[in-house]
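For the sequence shown, the residue numbers in this note's numbering are 24 to 158.
All C-beta atoms in this analysis are idealised placements derived from N, C-alpha and C, irrespective of residue type, glycine included.
Quantities reported herein were computed from a predicted structural model and do not represent experimental measurements.
First the structure, in the form of structure tokens, and then the observations on it.
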Amino acid sequence: MPQQSLIPKTPTDQAIPTPLAQNGLNVKLFRKIFLFSPLLFWELFGLEVNSVKAVENLQCPVISREEVDTNALQREIANYSDTLRVYPSDPSTIKLYFQRGMAREKINDRNGAIDDFSQYIWYSNYNGAKRLGMK
């Protein structure tokens, strides 16, 4: 049986790592380097990173619900316009003037909405009179 030394180990002897402890230290060191490598990269190229919080607080552009609705309404208006360009006075498409006017009113295009409502009323009266044999 090997005898243990009665002489206490010196701090140098205590600091010599065993292979298992050395492996644990390497993993910890690697983790630290890996975590800070983006910051080191920027520092090496002279780009200053003052604070990690400043980087964390960067905002991505967010499209608001109103913008999404506006884009959808503009596409809807374009679709109505395409149909009405082909069939401007067809009785089955006259309601599109009203729907397009409602969509334009939602995006605050008041003049366009008034024009569409006027067209709707005019074509409705025209087709109604035509059906009755007045025109």
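Own chain, CB closer than 6 Å to residue i, minus 5 neighbours either side, in chain order
i	result
Glu99	Ala126
Arg123	Ile100, Tyr103 and Asp139
Thr93	Ile130
Rounded C-alpha distance that separates residue i from residue j
i	j	result
Asp113	Tyr149	11 Å
Leu96	Ile130	8 Å
Asp132	Gly151	28 Å
Asp105	Tyr143	16 Å
Arg154	Ser141	20 Å
Top-ranked residue by Cα proximity to residue i, from the options
i	options	result
Ser147	Thr106, Thr116 and Asn94	Thr116
Residues near residue i by beta carbon distance below 8 Å, same chain, minus five either side
i	result
Leu107	Thr116, Leu119, Tyr120 and Arg123
Tyr110	Thr116
Neighbourhood of residue i by C-beta distance below 7 Å, restricted to the same chain and skipping five residues each side
i	result
Glu128	Ala136
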